[in-house]
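Read through the structure below, which is laid out as structure tokens, and then see the notes.
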Amino acid sequence: TLSYLDSSHFDDSAHPASHFLTCFSRKYDNIFTLGYCEVNGALYPHVGRLAALLANYCSCSDDQKSKFRKLVQTLKADLTGGRKLLTSERHEYYCDDHALEKATRRIFRKMKWKCPE
55 TLSYLDSSHF DDSAHPASHF LTCFSRKYDN IFTLGYCEVN GALYPHVGRL AALLANYCSC
115 SDDQKSKFRK LVQTLKADLT GGRKLLTSER HEYYCDDHAL EKATRRIFRK MKWKCPE
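171 is the number that our numbering gives the last residue of the sequence shown; the numbers go up by one with no jumps.
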């Protein structure tokens, strides 16, 4: 949980990683939780890509914002990569490194935005 944000603002639970790609709220177009995820690899490349996605979203046209919000609200990505994880609060939103990268790059492609390496 985050001490500065009531848990009712999260999507599926009181955990910020419940947001789309662990970063974008499905409920609100102006709440972002960048960096709140656990992956089975290095987090920094993901934070860089998600920050770029967030920057594109914040600076795009209203039409693109609407398209992006529709993706956020309708797409359900399996960020576990099909892995069977422990049934625990800690592992509830654990992300597979490759699955998160693939899902993030997919959104860049759908939006026709340049994805950083």
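All residues carry an ideal CB built from backbone N, CA and C; glycine is no exception.
Asked, Found
"In terms of DSSP beta bridges, what is residue 148 paired with?", "92"
"Within 10 angstroms of its Cβ, does residue 96 collect 16 or more other Cβ (buried), or is it exposed?", "exposed"
"Kindly indicate which residue of 89, 162, 104, 139 has the alpha-carbon position closest to the one of residue 118.", "162"
"Are the beta-carbon atoms belonging to residue 103 and residue 169 less than 8 Å from one another?", "yes"
"Where DSSP assigns a beta bridge to residue 78, which residues make up the other side?", "74, 86"
"According to DSSP, is residue 109 helix, strand or coil?", "helix"
"How far does the alpha helix (DSSP H) with residue 123 in it extend, from its first residue to its last?", "116-128"
"Among the candidates 99, 137, 132, whose CA atom is the shortest distance from the CA of residue 73?", "132"
"Taking C-beta to C-beta, are residue 141 and residue 153 nearer than 8 Å?", "no"
"Can you tell me whether residue 98 is buried or exposed? The criterion is at least 16 other CB atoms within 10 Å of its CB, across all chains shown.", "exposed"
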